[in-house]
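Residue 494, in the numbering used here, is where the sequence shown stops; the numbers in between run on with no holes.
Backbone N, C-alpha and C fix where the C-beta goes; we use that ideal spot for every residue, glycine too.
Here the structure comes first, spelled out in structure tokens, and everything after it is commentary.
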Amino acid sequence: MLIDLKRLFASEGEVVDIDYTLAAAQSDLTGTVPDPVEIHLKGVAQNRAQIVEIRFGAHFTVNSVCDRCLEPLTRVFDYQFTHVLTQEVIDGFEEDIIVDGDKLNLDRLALTDIQLEFPLKLLCCEDCKGLCPQCGANLNRESCNCDKDPIDPRLEALKELLQ
């Protein structure tokens, strides 16, 4: 979605409603989300005394696998974002975005925001124990009798010397 900033900055109090779904093919979150997902964006862009404030929420569902135990998971994400757009630098606004054009690509802005907020690892639960590195057992469901402190094969000879 392109927002016409020229019209928005020209009229104080001007409001642009945001309510659309970014199709899976357009929501390129490569390296962040395993499969393309539909992202629903809802919010408002409003001119407030020559400062445009954009507030929107992003809602989407991810079907993936846990990064530790490889169990399937479905996770719903709801993020809220706020951006302040100005046409010139204003004292006291350190995180404002200075615009230098007539259009704002909201899709690109939303995708960047989501990439910055998205967790680095998707886990089935916060205390997921993962898989045993030796036998591959899911440690959330069962325990194994594997040696908990495996010795690096390159240092195996040193272990024999210490005995």
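DSSP three-state label for residue i, please.
{"i": "Phe387", "result": "strand"}
{"i": "Gln376", "result": "Going by the sequence as given, residue 376 is Ala instead of Gln. Strand at Ala376."}
{"i": "Leu486", "result": "helix"}
{"i": "Arg399", "result": "coil"}
{"i": "Gln465", "result": "coil"}
{"i": "Leu470", "result": "coil"}
{"i": "Gln446", "result": "helix"}
{"i": "Leu454", "result": "coil"}
Taking a contact to mean a Cβ-Cβ separation below 7 Å, would you say residue i touches residue j in this structure?
{"i": "Ala389", "j": "Ile370", "result": "yes"}
{"i": "Ile516", "j": "Val415", "result": "Nothing about residue 516 can be reported from this structure: the residues present for the chain run from 332 to 494 only."}
{"i": "Glu345", "j": "Leu336", "result": "no"}
{"i": "Phe387", "j": "Val368", "result": "no"}
{"i": "Val349", "j": "Leu435", "result": "Here residue 349 turns out to be Ile, not Val, going by the sequence shown. Not a contact, by the Cβ cut-off of 7 Å."}
{"i": "Gln465", "j": "Cys477", "result": "yes"}
{"i": "Tyr410", "j": "Glu384", "result": "no"}
{"i": "Asp480", "j": "Leu353", "result": "no"}
Looking at the secondary structure, which residues open and close the alpha helix (DSSP H) in which residue i lies?
{"i": "Leu336", "result": "Leu336 to Ala341"}
{"i": "Leu435", "result": "That residue, Leu435, is in no alpha helix (DSSP H); its beta strand (DSSP E) goes Lys434 to Asn436."}
Tell me where the beta strand (DSSP E) around residue i begins and ends.
{"i": "Asp350", "result": "Val346 to Leu353"}
Would you call the stretch 366-382 and the stretch 448-459 touching, i.e. three or more CB-CB distances under 8 Å?
-> Fewer than three beta-carbon pairs drawn from the stretch 366-382 and the stretch 448-459 are found closer than 8 Å, and the two stretches are therefore not classed as touching.
Does the stretch 396-413 come close enough to the stretch 458-474 to have 3 or more Cβ pairs within less than 8 Å?
-> yes
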